Amino acid sequence: QSMTMCRQLGRLVVSAGCVLAFAGSASAQSQSEDWKFSVYPVLAWVPTNIGIEVNVPVDGGGGGIEGEIVDSRFDGAFLAGFSATNGTWRIDTGFLWLGVGGDRPELPNLTVDADVIYGHGAVGYKIYKDLFVTGGIRRFALKYDINIADVRDFSRKPGLWDPLVGVAYHHVADKFEAHALLDFGGFGVGSDSEFGAAARLDWKPVRHFGLTAGYNYLRFNFKHHVAGRTF
């Protein structure tokens, strides 16, 4: 092939202004250890913008290709979460699958399909009032299929496992809860560096049922070597 997949540099940007969760917040409490559990089984995610850019550099005298999708597609998403706390210790997990894509009818013609898989798990320990120190792991994988001008196809699934450390704020009350998180990870184990921030508000109008809304930000840098080249 005159252009190999490893020469491809792709950028996927998905912006969510608000994550709306219709969460069956099932709180269960054990008498012996005083643990409380919350389950978020059905979350609805509303994207405000989907941008995908493809850049194939020039190589061996051949022309490079650079373009961004014009017509975006939102194929679907599934999110779920779980948390447990006894006041001193706290466990938080989350999972996301997201399917997006898009087309560029004009030159250079592009068709892009991408599946994003995300998951994290963290354990926190209270150090002062509602402040916790946390440690955990994050999984991020991106499966993409790119067709350029109906003659070149690229398909890969790079993925990362990153260790995490951070601080978190969890204020839990009968009707309202406030949660915030800052974490750092990678350290060369998975990605070179990683920074994440999140904020969420939970409202429980009735027992065993609640609504939650929040915002997540994640930035990471990594290098992937294929056939002597760097992605």
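In the numbering used here, the protein residues as written are 5 to 235.
Note that the Cβ used here is the ideal one computed from N, Cα and C, for glycine as well.
These numbers were taken from a predicted model, which means no experiment stands behind them.
Query	Result
Between which two residues does the beta strand (DSSP E) containing Thr-92 stretch?	Element bounds for Thr-92: n/a, residue is neither H nor E.
So what does DSSP say about Ser-42, is it helix, strand or coil?	strand
By the three-class DSSP mapping on this structure, what secondary structure does Gln-35 have?	Residue confidence is low: Gln-35 scores 40 on pLDDT, short of 50, so the model does not pin down where it sits. No coordinate-derived value is stated.
So the beta strand (DSSP E) Asp-187 belongs to, where does it begin and stop?	180-189
Three or more C-beta pairs under 8 Å: does that hold for the stretch 130-141 against the stretch 105-122?	no
Are any of the Cβ atoms in chain D nearer than 8 Å to that of Phe-224?	Protein chain content of the structure displayed is limited to a single chain, and chain D is not contained in it.
Do Gly-123 and Phe-99 count as a contact pair if the criterion is CB distance below 8 Å?	yes
Give me the Cβ distance between Asn-59 and Thr-115, rounded to the nearest whole Å; I'm assuming they're in contact under 8 Å.	The Cβ separation is near 16 Å, so there is no contact.
Near Pro-167, what residues of its chain come up, given a Cβ to Cβ distance below 7 Å and the 5 sequence neighbours on each side ignored?	Ile-141, Gly-189, Phe-191, Val-193
Whole angstroms are fine: how far does the CA of Asp-196 sit from the CA of Val-23?	Interpretation of Val-23 is limited by its pLDDT of 45, a score under 50 that renders its predicted location unreliable; the figure taken from the coordinates is listed afterwards. The alpha-carbon atoms of Val-23 and Asp-196 are separated by roughly 28 Å.
What does the Cβ neighbour count give for Arg-223, buried or exposed, with the cut at 16 atoms within 10 Å?	exposed
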